[in-house]
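To start, the structure under review is shown below, and the notes come after it.
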Amino acid sequence: MQDIISKTPTQLYIGGQWKPASDGAQFTVYDPATETALVDVSNATVDDCLSAVDAAEAAGKIWSATSPRNRGEILRKAFELMVERKDYFAKLISLEEGKTYAEAIGEMAYASEFYRWYAEEAPRNLGQFSRSPAGNNNIMVSHKPVGVCLLITPWNFPAAMATRKIGPALAAGCTVILKPASETPLTALALAALMEEAGVPAGVVNVVPSRNSGKVVSAMLDDDRVRKISFTGSTEVGRILLSQAAQKIISSSMELGGNAPLVVLEDADLDVAVEGALVAKMRNAGESCIGANRMYVHSSLYEEFSRQLSEKMSVLKVGPGLEEDVDVGPLVNADTRDKVMELVNGAVDAGARILTGGKPLQRPGFFFEPTVLVDVAPDSDILHEEIFGPVAPIVSFETDEQVIALANDTDFGLAAYVFGKNVGRALAVAQKIEAGVMGVNRGFISDPAAPFGGMKQSGIGREGAHEGLLEFVETQYIAVEW
Ligand code: NAP
Numbered sequence: 002m003q004d005i006i007s008k009t010p011t012q013l014y015i016g017g018q019w020k021p022a023s024d025g026a027q028f029t030v031y032d033p034a035t036e037t038a039l040v041d042v043s044n045a046t047v048d049d050c051l052s053a054v055d056a057a058e059a060a061g062k063i064w065s066a067t068s069p070r071n072r073g074e075i076l077r078k079a080f081e082l083m084v085e086r087k088d089y090f091a092k093l094i095s096l097e098e099g100k101t102y103a104e105a106i107g108e109m110a111y112a113s114e115f116y117r118w119y120a121e122e123a124p125r126n127l128g129q130f131s132r133s134p135a136g137n138n139n140i141m142v143s144h145k146p147v148g149v150c151l152l153i154t155p156w157n158f159p160a161a162m163a164t165r166k167i168g169p170a171l172a173a174g175c176t177v178i179l180k181p182a183s184e185t186p187l188t189a190l191a192l193a194a195l196m197e198e199a200g201v202p203a204g205v206v207n208v209v210p211s212r213n214s215g216k217v218v219s220a221m222l223d224d225d226r227v228r229k230i231s232f233t234g235s236t237e238v239g240r241i242l243l244s245q246a247a248q249k250i251i252s253s254s255m256e257l258g259g260n261a262p263l264v265v266l267e268d269a270d271l272d273v274a275v276e277g278a279l280v281a282k283m284r285n286a287g288e289s290c291i292g293a294n295r296m297y298v299h300s301s302l303y304e305e306f307s308r309q310l311s312e313k314m315s316v317l318k319v320g321p322g323l324e325e326d327v328d329v330g331p332l333v334n335a336d337t338r339d340k341v342m343e344l345v346n347g348a349v350d351a352g353a354r355i356l357t358g359g360k361p362l363q364r365p366g367f368f369f370e371p372t373v374l375v376d377v378a379p380d381s382d383i384l385h386e387e388i389f390g391p392v393a394p395i396v397s398f399e400t401d402e403q404v405i406a407l408a409n410d411t412d413f414g415l416a417a418y419v420f421g422k423n424v425g426r427a428l429a430v431a432q433k434i435e436a437g438v439m440g441v442n443r444g445f446i447s448d449p450a451a452p453f454g455g456m457k458q459s460g461i462g463r464e465g466a467h468e469g470l471l472e473f474v475e476t477q478y479i480a481v482e483w
């Protein structure tokens with residue numbers, strides 16, 4: 002895989018130039034499947050990030066004046082290049098993040114689609130014109146690019162979390178500075194090179210990996226020229242960033258943590274529910290914000306559902322993501338693996354039974370066995386915290402009202418899943434669950450054409466769809482007479 006790494010840039014991308022950090026510092030990116038170093042990447046300083054703001058500010062004047070059609074055509078070209086290069090990107094994603102090659106190809110399909118979608122949205126950034134109800138005013142409304150945007154992304158979907166922000170920002174006429182997660186900066190740097198090839202002018206997209214996240218992000222948020230922060234990551238960090246953004250009252254979009262309930266009603270088709278639960282749980286080895294975190298199964302199906310799910314989980318092959326026939330890759334790092342172990346131990350100490358799995362693999366790499374837990378005590382941490390690992394805790398319930406209350410008993414409200422043959426009843430339950438994105442009789446829900454985002458402490462704003470474009474515009478109203 003050295004060829005994949007050797008063709009990937011490792012320096013900062015600022016103003017259309019590849020540059021080392023101003024103090025020459027670098028940090029190391031590791032392969033979670035082997036725990037070995039992949040390569041060193043430049044570690045942006047505050048000065049580097051402020052020069053990225055200079056570049057984005059300067060480029061903004063030209064980019065916002067570029068016609069929407071031309072902006073769309075550049076995004077379309079970037080989409081085509083991503084499709085053409087999906088094999089290279091999928092291997093790179095797998096190397097730095099751990100997911101299997103098949104899943105990384107899936108991420109590339111999802112990630113590239115944001116460029117295609119926003120290539121089409123760019124010319125549809127429509128305003129409106131109307132006459133006021135009293136007939137004494139003409140109301141003209143237009144959408145202007147918000148300006149220089151700071152984009153911060155997590156490690157779990159290094160391509161998709163970046164394109165889900167860059168696509169709408171560029172379509173709207175904004176310029177961006179992307180600070181990718183330190184675990185996975187390589188995909189973001191490779192994307193910058195691809196964007197340049199697609200015709201994105203210098204300074205429109207800048208990428209500044211940095212291990213000094215808190216410091217560099219604070220400095221950029223303190224700069225009056227930055228008018229927007231779009232963050233995807235934990236609720237804990239989102240809360241810090243929102244309070245910093247409040248100092249300058251800048252537009253803030255937050256895609257934060259989740260604690261998705263998966264509900265299996267008494268009339269559910271068991272095959273559909275088990276298959277959906279497997280998909281919703283095991284995406285990216287469980288490291289997904291919309292991963293099914295807790296499963297609530299009607300008491301009449303509880304035993305059979307648990308048995309079938311553990312049968313399917315127990316035959317999944319765990320191993321390095323780039324090896325053939327592997328179903329589940331490693332977790333991203335030792336901390337993530339240790340936290341999963343801690344949550345499983347806590348649940349077992351409180352009385353849960355392990356039907357399959359339950360521990361890390363004894364080999365290099367941060368592997369954890371696909372795990373099913375039953376008889377989980379209601380106050381176990383595993384039901385209240387994001388597991389971010391391949392562990393399915395299953396709890397039984399009796400009535401729809403009870404399961405709705407259980408599902409909503411959390412500060413989070415990102416995703417939820419409901420399974421039931423009577424779709425009217427399943428929808429009635431789904432509509433009472435406080436979650437921004439939901440699957441009914443399916444475990445796969447992400448779609449670039451649909452608005453994605455959380456309620457409660459899972460976030461503010463939406464990504465994808467037309468809503469995603471509106472996160473990057475200012476609305477201007479003009480009262481006009483002629
Ligand atoms: P994280 O620790 O919050 O980090 C996310 C990003 O913020 C990274 O780029 C990180 O940089 C940066 N960061 C960390 N501390 C910071 C600070 N004090 N100031 C400014 N930036 C800071 O989250 P993660 O571990 O990467 O990702 C997992 C979390 O993301 C989970 O909670 C998951 O649910 C959530 N997530 C949500 C969505 C969604 O759409 N709602 C999607 C994916 C993931 P470093 O890497 O350099 O620390």
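With the numbering used here applied, the sequence shown covers 2 to 483.
Using N, Cα and C, we set each Cβ at its ideal position, and we do this for glycine too.
At a cut-off of 8 Å, is glutamate 97 close to the ligand NAP when judged by its beta-carbon and the heavy atoms of the ligand?
In the sequence shown, counting from the first residue as 1, residue 97 sits at position 96. It does not: the Cβ of glutamate 97 is nowhere closer than 8 Å to a heavy atom of the ligand NAP.
Just the C-alpha distance for isoleucine 250 and serine 231, rounded to the nearest angstrom, thanks.
Sequence index remark: in the sequence shown, residue 250 carries index 249 (1-based). Sequence index remark: in the sequence shown, residue 231 carries index 230 (1-based). Distance between the alpha carbons of isoleucine 250 and serine 231: 14 Å.
Supposed close pair alanine 53, valine 209 - CB separation, criterion 8 Å
Here the question's residue 53 lines up with position 52 in the sequence shown. Here the question's residue 209 lines up with position 208 in the sequence shown. That pair is a contact at about 5 Å.
Selected residue, minimal CA-CA separation from threonine 357, among Val375, Leu171, Ile388:
Translated into positions along the sequence shown, residue 357 becomes position 356. With distances taken between Cα atoms, threonine 357 lies closest to Val375.
Best match in Ala274, Phe473, Thr372 for proximity to valine 345 [C-alpha to C-alpha]:
Mapped onto the sequence shown, residue 345 falls at position 344. The candidate whose alpha carbon is nearest that of valine 345 is Thr372.
So which of Ala417, Ile153, Ala34, Leu13 has the shortest CA-CA distance to valine 327?
Taking the sequence shown and counting its residues from 1, one reaches residue 327 at position 326. The option with the nearest alpha carbon to valine 327 is Ala34.
Within this structure, are the beta carbons of tyrosine 478 and valine 149 separated by less than 9 Å?
Within the sequence shown, residue 478 is the residue found at index 477, counting from 1. Within the sequence shown, residue 149 is the residue found at index 148, counting from 1. Not in contact: tyrosine 478 and valine 149 (Cβ atoms no closer than 9 Å).
Residue burial classification, lysine 8 (beta-carbon count within 10 angstroms, cutoff 16)
Translated into positions along the sequence shown, residue 8 becomes position 7. So lysine 8 counts as exposed.
Note down, in chain order, each residue of its chain lying with its Cβ closer than 6 Å to the Cβ of valine 438, except the 5 sequence neighbours on either side.
Residue mapping note: residue 438 aligns to position 437 of the sequence shown, counting from 1. Once the five neighbours on either side are set aside, the close Cβ partners of valine 438 are Ala416, Ile446, Phe453.
Keeping to the same chain, check which residues put their C-beta closer than 6 Å to that of alanine 26; ignore five residues upstream and five downstream.
Walking along the sequence shown from the start, residue 26 turns up at place 25. Once the five neighbours on either side are set aside, the close Cβ partners of alanine 26 are Asn44.
At a cut-off of 8 Å, would you count asparagine 138 as near the ligand NAP, judging by its Cβ distance to the nearest heavy atom?
Counting from 1 along the sequence shown, the entry for residue 138 is found at position 137. Result no, Cβ not under 8 Å from the ligand NAP.
Look at the alpha carbon of threonine 101 and the alpha carbon of arginine 443, and state the distance between them as a whole number of angstroms.
Residue mapping note: residue 101 aligns to position 100 of the sequence shown, counting from 1. Residue mapping note: residue 443 aligns to position 442 of the sequence shown, counting from 1. Threonine 101 and arginine 443: Cα-Cα distance of roughly 22 Å.
Taking the Cβ atom as the reference point for each residue, do glycine 204 and proline 155 lie within a distance shorter than 9 Å?
Counted from its first residue, the sequence shown places residue 204 at position 203. Counted from its first residue, the sequence shown places residue 155 at position 154. Taking 9 Å as the Cβ cut-off, glycine 204 and proline 155 do not qualify as a contacting pair.
Which term fits glutamine 129, buried or exposed, when burial requires 16 or more other beta carbons within 10 angstroms of its beta carbon?
To locate residue 129, count along the sequence shown from 1; it is residue 128. Its Cβ having fewer than 16 others within 10 Å, glutamine 129 is exposed.
Please confirm whether any heavy atom of the ligand NAP lies closer than 8 Å to the CB of arginine 338.
Along the sequence shown, one-based indexing puts residue 338 at 337. No, the Cβ of arginine 338 stays beyond 8 Å of every heavy atom of the ligand NAP.
Cross-strand partners of threonine 476 (DSSP beta bridge)
Within the sequence shown, the letter at position 475 stands for residue 476. Per DSSP, His144.
How about leucine 187 and lysine 166: are their beta carbons less than 9 Å apart?
For this step, residue 187 is matched to residue 186 along the sequence shown. For this step, residue 166 is matched to residue 165 along the sequence shown. No, they are not a contact pair.
Regarding glutamate 435 and the ligand NAP, is the C-beta to nearest heavy atom distance less than 8 Å?
Your numbering for residue 435 matches position 434 in the sequence shown. For the ligand NAP, not one heavy atom lies less than 8 Å from the Cβ of glutamate 435.
Secondary structure at lysine 318, three-state DSSP: helix, strand or coil?
In the sequence shown, the residue the question calls residue 318 occupies position 317. Three-state DSSP puts lysine 318 in coil, outside helix and strand.
For alanine 220, which residues from the same chain have a beta carbon less than 8 Å from its beta carbon, with the 5 sequence-adjacent residues on both sides left out?
Within the sequence shown, the letter at position 219 stands for residue 220. Val47, Cys50, Leu51.
Buried or exposed for isoleucine 140, please, with buried defined as at least 16 other CB atoms from any protein chain shown within 10 angstroms of its CB.
Translated into positions along the sequence shown, residue 140 becomes position 139. Label assigned to isoleucine 140: exposed.
Short of 7 Å in beta carbon distance, which residues of its chain neighbour alanine 451, apart from the five on each side in sequence? Order them along the chain.
Start at 1 with the first residue of the sequence shown, and residue 451 comes out as number 450. Contacts found: Gly465, Ala466.
Can you check whether the CB of serine 244 is closer than 9 Å to the CB of lysine 229?
For this step, residue 229 is matched to residue 228 along the sequence shown. For this step, residue 244 is matched to residue 243 along the sequence shown. No, they are not a contact pair.
Simplified DSSP assignment, three categories, for threonine 176
Within the sequence shown, the letter at position 175 stands for residue 176. Threonine 176 falls in the strand class under three-state DSSP.
Give a single yes or no on whether alanine 182 has its beta carbon closer than 8 Å to a heavy atom of the ligand NAP.
Walking along the sequence shown from the start, residue 182 turns up at place 181. Yes, Cβ of alanine 182 sits closer than 8 Å to a heavy atom of the ligand NAP.
Report the CB separation of glycine 277 from phenylalanine 368 in whole angstroms; it is logged as a contact under 8 Å.
Here residue 277 refers to the residue found at position 276 when the sequence shown is read from its first residue. Here residue 368 refers to the residue found at position 367 when the sequence shown is read from its first residue. Rounded, the Cβ-Cβ distance is 25 Å, inconsistent with contact.
Got a sec, what are the start and stop residues for the alpha helix (DSSP H) tryptophan 64 sits in?
Counting from 1 along the sequence shown, the entry for residue 64 is found at position 63. Counting along the chain, the alpha helix (DSSP H) containing tryptophan 64 begins and ends at 47-66.
Candidates Met2, Glu324, Asn294: which alpha carbon is nearest alanine 38's?
As a position in the sequence shown, residue 38 is number 37, starting the count at 1. Alanine 38 has its Cα closest to that of Met2, out of Met2, Glu324, Asn294.
Where the alpha helix (DSSP H) through arginine 240 begins and ends
The sequence position of residue 240 within the sequence shown is 239, counting from 1. Arginine 240 -> alpha helix (DSSP H) spans 236-249.
Is any heavy atom in the ligand NAP found nearer than 8 Å to the beta carbon of arginine 212?
One-based indexing of the sequence shown puts residue 212 at position 211. Checking the Cβ of arginine 212 against the ligand NAP gives yes.
On a Cα-Cα basis, can you pick out the residue from Asp448, Ala436, Glu237 that is closest to glycine 215?
Reading the sequence shown from its first residue, position 214 is the one you call residue 215. Residue Glu237 is the option with its Cα nearest to glycine 215.
Do valine 333 and glutamate 184 count as a contact pair if the criterion is CB distance below 9 Å?
Numbered from 1 along the sequence shown, position 183 holds the residue referred to as residue 184. Numbered from 1 along the sequence shown, position 332 holds the residue referred to as residue 333. Yes, the Cβ-Cβ distance between glutamate 184 and valine 333 is below 9 Å.
Quick check: the segment 108-123 against the segment 63-80, are there 3 or more CB pairs under 8 Å?
yes
With hydrogens ignored, establish whether the beta-carbon of serine 219 is closer than 8 Å to any heavy atom of the ligand NAP.
In the sequence shown, residue 219 corresponds to position 218, counting from 1. Checking every heavy atom of the ligand NAP against the Cβ of serine 219, one is found closer than 8 Å.
For glutamine 129, does the three-state DSSP call read helix, strand or coil?
Here residue 129 refers to the residue found at position 128 of the sequence shown. Glutamine 129 falls in the strand class under three-state DSSP.
Shorter than 8 Å, the distance from the beta carbon of valine 227 to the closest heavy atom of the ligand NAP, or not?
One-based indexing of the sequence shown puts residue 227 at position 226. Outside the cutoff, so no.
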